[in-house]
Amino acid sequence: MNEKTILLVEDNPDDEALMRRALRKHNIPARILVARDGVEAIDQIFRSGFDGSLALPAVIFLDLKMPRMDGFEVLRRLRADDRTRTVPVIIFTSSNESQDIRGGYELGANSYVRKPVDFLEFSESVRLLAEYWLRLNELPPVHGELRFAERFAY
Amino acid sequence: MRSPIQNKDQAPPLALSEEEDNLRSLVEGAPIGIYRSTPDGRVFLANRALLQILGYSSFEEFTSLNVESGLYTPDYPRHKFLNVIEQKGSVEGLEFALRRKDGGVIFVREYARAVRGPDGKTRYYEGTLEDVTAHRRAEEALRENEARWRSLIENAPEVILNINRNGEILFINRVLEGVEQGKVIGTTIYEYFPPADVERIRPVIEQAWDTGRPASYEVSGPGPNASVTWYSTSVGPVLRGKRVVSLMLLTMDITERRRAEADLRRQMELYEALVTAQSDLLQGMVIVNPLTQEVLYLNDAIVQIFGFSREEVRAKRSFFDNVAPEEREVLQDRLKRRLAGLGGPDHYETVVLHKDGSRRHVEVSVKPLDSPDGLRLVALVRDITERKRAREQIQKLNAELELRVRHRTAELEAANKELEAFSSSVSHDLRAPLRTIDGFSQALLEDHTAQLNEEGRHLLERVRHGTQHMAELIDDLLALSRVTRSELRRERVDLSALADSILLRFRQETPQRVVETQVSPNLVAECDLALIRVALENLLNNAWKFTSRQPKARIEFGAEPKGNETVYFVRDNGAGFDMAHSSKLFIPFERLHKATEFEGTGIGLATVQRIILRHGGRVWAEGVVNKGAALYFTLNGHRGEP
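Protein chains in written order, with the numbering used here: chain A, 167 to 320; chain B, 210 to 851.
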């Protein structure tokens, strides 16, 4: 399947609905997968495809505050595994705490977005980020260019 | 009849008779030496006594003697004897030295006469000789003795008198000042004393005479420099047998002694006063003999401290008996060291036993004292039981307090952390539903435009405004609470640059606005960067907001020195406010303008105030309705650089 996947890791169903709405509104060409918390997210990501390789999403939208396993732990695990080290991760969270922002970037997030209350603002951020990261991953994963992408992703 | 002692060759023979025999035996047997000698010194008659005196065993032996050299001595040559006898015809009691046969020198007393012939020439000498050596020696000894005593008496510093019962002076050993030596003898001692003294002295003298027992008296007299001189006189009866024949008076100047005594008495009084005073001050003092461990002296305060009476304390064998058992070894050790000359601590605390069995803590100061009777230790003792108890109480209280403070601090820190977590999670949790409200309202607007009329759309817009306003409120409240909790970290902050950057952002966010801004350059202050940024953002945001109706909006940020402070200000020419309500300005949520005029949460200035207060500064505002407003603040009185 050549369709790109966006993995949305979000425990709040309303936020999930609004995210879907935003993506749909801007016609973002991607399949949306949802994981309700960190555990589900890890499961989803590390489930292997038929040929044994991982079917990775094009970009992950990651909430931080979740039950069972929070966003930081997910990020940590993603970055710890070579297979998932370069997957783009955008943190979407309510938190504007400086330590969360710092923590996110330290752990290797690509962007950090504080979810605005205003939906219009929110959907604009979603559009910008989704388009950017999806388009980026359209480049063929040639070794050298992957390196280049890595530099961008990280 | 020839005398057996007569020399055949000498002297004419005398007619013998019975009388002569008697005389001869008288001479021969006389106890003193008798002789007859020629003018040239040859002895032709010598009795047994003479021979004995001179140590000769026979007349023949003696007569062959050369009298000049063998008999006389160099100190008493013969010619001296001859001079006298020839001149006077006799010698009477002449004492001189002679040499015995064995060479020893003796002293003799001679009575002799020159027997002269009718022509007046001496025919022979005849005389007696007595050995007075012993006598003379005794005399010499006596003379020597007398001389010695005399010298002693005459050189004695004291005045020595010899008087009789009437006080008549028979002898005085020295010259009295102001009195002619010769005039003293014969006067009475009473002449030299005032009547009051005489009355006192006379009975003493008379009693000494009558009883033969020594006595004494003291008198005073004028001394040099108008001082008083004191004398002590010893009266000693001079006895001959059992009879008093005179009195010896020995007078000593005891002024110095008296003065020393007075000094000592004064010192003793002082000492007593001091000791008593110490007792009054509850300062116990005890003097002990370190060798025998006896308590020699103790004052009243000691009695109080120990509860034992003086007698009871003294009755104890050693002062260690009053020391608490567990302390005895330490103190005994210290005492040993002190006695060994190693010294020891002069100041320490120990525990003693009160009579009632209780333990008293005492503070001891020890001072060694060299007394004529040996080493003594003076110990000042103070009961510090109460003080110690109080001290311990305080220490315990302090420890408790410290513990409580630590707990409280830990509690506060925990509370703060909780609050922090709470605030951020609250804001997080509060925002989620707002997102939902806003998001789905927008969804309604977008997806169901057809079903909504103008009014319906309007209503939804108001819903969205409401949620956004609430979101701002939450953010502002969060910021406000953070201001109080966070630690102030002062650093040099360029306020001018900060203000510039904030205003620049405003311009970027609302580019349609035309605002003239003036920021004084180089305003630097010691403050917390993050907090001051928030404060300035709020103030400038207010200015930006309230000048939005002004066609020629003007915002100024600067500073004025006032006294030793720098007063910063943000001035605008916007809507201003009524000074009557100025007290409400800094209260959270109190707004002086309708929400329709200017939006806002009403928290901004409360936040500013809190930030400024945390810096130790003051903040106040001045405003004129529709003319403008000025917000002033200081930062803890430190003068910033202009």
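Even for Gly, the Cβ is constructed at its ideal location relative to N, Cα and C.
By how many angstroms is the C-alpha of residue j removed from the C-alpha of residue i?
{"i": "E725/B", "j": "M232/A", "result": "47 angstroms"}
{"i": "S267/B", "j": "R449/B", "result": "48 angstroms"}
{"i": "D741/B", "j": "D703/B", "result": "What sits at residue 741/B in the sequence shown is Ile, not Asp. The alpha-carbon atoms of I741/B and D703/B are separated by roughly 10 angstroms."}
{"i": "G772/B", "j": "R758/B", "result": "36 angstroms"}
{"i": "P760/B", "j": "T719/B", "result": "15 angstroms"}
{"i": "R691/B", "j": "N625/B", "result": "10 angstroms"}
{"i": "R526/B", "j": "H563/B", "result": "16 angstroms"}
{"i": "T756/B", "j": "E746/B", "result": "15 angstroms"}
{"i": "G837/B", "j": "V779/B", "result": "11 angstroms"}
{"i": "P179/A", "j": "T645/B", "result": "10 angstroms"}
{"i": "L654/B", "j": "V828/B", "result": "45 angstroms"}
{"i": "G326/B", "j": "L291/B", "result": "17 angstroms"}
{"i": "A817/B", "j": "V175/A", "result": "In the sequence as displayed, the identity of residue 817/B is Val instead of Ala. Spanning the two alpha carbons is a distance of roughly 38 angstroms."}
{"i": "R233/B", "j": "Y244/B", "result": "12 angstroms"}
{"i": "R213/A", "j": "L220/A", "result": "7 angstroms"}
{"i": "D406/B", "j": "Y399/B", "result": "9 angstroms"}
{"i": "V444/B", "j": "I381/B", "result": "14 angstroms"}
{"i": "E609/B", "j": "R600/B", "result": "14 angstroms"}
{"i": "S695/B", "j": "L612/B", "result": "25 angstroms"}
{"i": "I410/B", "j": "Y426/B", "result": "7 angstroms"}
{"i": "T618/B", "j": "H637/B", "result": "28 angstroms"}
{"i": "E629/B", "j": "N262/A", "result": "13 angstroms"}
{"i": "P391/B", "j": "P403/B", "result": "Residue identity differs from the one stated: residue 391/B is Gly in this sequence, not Pro. Using only the alpha carbons, I get a separation of about 22 angstroms."}
{"i": "R468/B", "j": "I603/B", "result": "55 angstroms"}
{"i": "N354/B", "j": "E304/B", "result": "21 angstroms"}
{"i": "L687/B", "j": "F807/B", "result": "22 angstroms"}
{"i": "L840/B", "j": "V240/A", "result": "48 angstroms"}
{"i": "F285/A", "j": "D647/B", "result": "6 angstroms"}
Listing by chain order, which chain A residues have their CB less than 7 angstroms from the CB of residue i?
{"i": "E838/B", "result": "Residue identity differs from the one stated: residue 838/B is Ala in this sequence, not Glu. Near A838/B there are no residues of chain A at all, since even the closest Cβ is about 29 angstroms away, more than 7 angstroms."}
{"i": "L686/B", "result": "Those within 7 angstroms of L686/B in chain A number zero; the least Cβ separation is about 13 angstroms."}
{"i": "H637/B", "result": "K231, S260, S261"}
{"i": "A680/B", "result": "V283"}
Would you please state the rounded distance, in angstroms, between the beta carbons of residue i and residue j? I believe it to be under 8 angstroms.
{"i": "G274/A", "j": "M235/A", "result": "That pair is no contact at about 17 angstroms."}
{"i": "I198/A", "j": "I172/A", "result": "5 angstroms"}
{"i": "L491/B", "j": "R591/B", "result": "7 angstroms"}
{"i": "I226/A", "j": "E297/A", "result": "I226/A to E297/A, Cβ: 16 angstroms. No contact."}
{"i": "G242/B", "j": "L259/B", "result": "3 angstroms"}
{"i": "V672/B", "j": "S650/B", "result": "5 angstroms"}
{"i": "L314/B", "j": "E339/B", "result": "Reading the sequence as shown, one finds Val at residue 314/B and not Leu. 15 angstroms between Cβ atoms; not a contact."}
{"i": "F238/A", "j": "L230/A", "result": "7 angstroms"}
So with CB distances below 8 angstroms, who are the chain B contacts of residue i?
{"i": "R187/A", "result": "G648, A652"}
Find the residues of chain B that neighbour residue i, judging by a C-beta separation of less than 7 angstroms, and give them in chain order.
{"i": "D284/A", "result": "D647, Q677"}
{"i": "L184/A", "result": "R644, G648"}
Could you name the residues of chain A that residue i contacts, counting a contact when the two beta carbons are closer than 8 angstroms?
{"i": "S633/B", "result": "S261, E263"}
{"i": "A641/B", "result": "N178, D180, D181, S260"}
I'd like the list of long-range same chain contacts for residue i, defined as Cβ closer than 7 angstroms, with 5 residues on each side in sequence excluded.
{"i": "S729/B", "result": "S705, F766, G767, A768"}
{"i": "I796/B", "result": "A815"}
{"i": "G298/B", "result": "R322, A323"}
{"i": "R242/A", "result": "L273"}
{"i": "G849/B", "result": "Confidence at G849/B is low in this model, with a pLDDT of 42, below 50, so the placement of that residue is unreliable and no value is reported for it."}
Starting from the C-beta of residue i, find all residues in its chain whose C-beta is less than 6 angstroms away, skip the five residues before and the five after it, and write them out in chain order.
{"i": "T460/B", "result": "E367, V368, Y440, T442"}
{"i": "E681/B", "result": "T810"}
{"i": "L209/B", "result": "Since the first residue shown for chain B is 210 and the last is 851, residue 209/B is missing from the structure and cannot be characterised."}
{"i": "V454/B", "result": "V447"}
{"i": "G826/B", "result": "F842, T843, L844, N845"}
{"i": "Y506/B", "result": "I496"}
{"i": "V276/B", "result": "G250"}
{"i": "K170/A", "result": "A196, A224, L300"}
{"i": "P851/B", "result": "Per-residue confidence for P851/B stands at a pLDDT of 36, beneath the threshold of 50, marking its modelled position as unreliable; the derived number appears in the next sentence. Contacts found: none."}
Going by beta carbon distance, what residues of the same chain come within less than 8 angstroms of residue i, once the five residues before and after it are set aside?
{"i": "F529/B", "result": "Q502, R537, L540, Q541"}
{"i": "T272/B", "result": "N216, R251, V252, F253, A255"}
{"i": "L689/B", "result": "P797, I812, A815, T816, R819"}
{"i": "V834/B", "result": "A784, G785, F786, D787"}
Taking only runs of the beta strand (DSSP E) that begin and end inside the region 452-527 of chain B, which ones reach a length of at least 3 residues, in chain order? 452-462, 493-498, 503-507
Inside the region 361-437 of chain B only - alpha helix (DSSP H) runs reaching at least 4 residues: 390-393, 404-420
Note down, one range per segment and in chain order, each beta strand (DSSP E) of at least 3 residues found wholly within the region 692-767 of chain B. 699-703, 724-728, 733-737
Enumerated in chain order, which unbroken segments of the beta strand (DSSP E) with a length of 3 residues or greater are wholly contained in the region 277-340 of chain B? 299-308, 314-325, 331-340
Which runs of the alpha helix (DSSP H) spanning at least 4 residues fall entirely within the region 193-279 of chain A, listed in chain order? With a minimum length of 4 residues, the continuous alpha helix (DSSP H) runs that stay inside the region 193-279 of chain A are 204-212, 237-246, 264-273.
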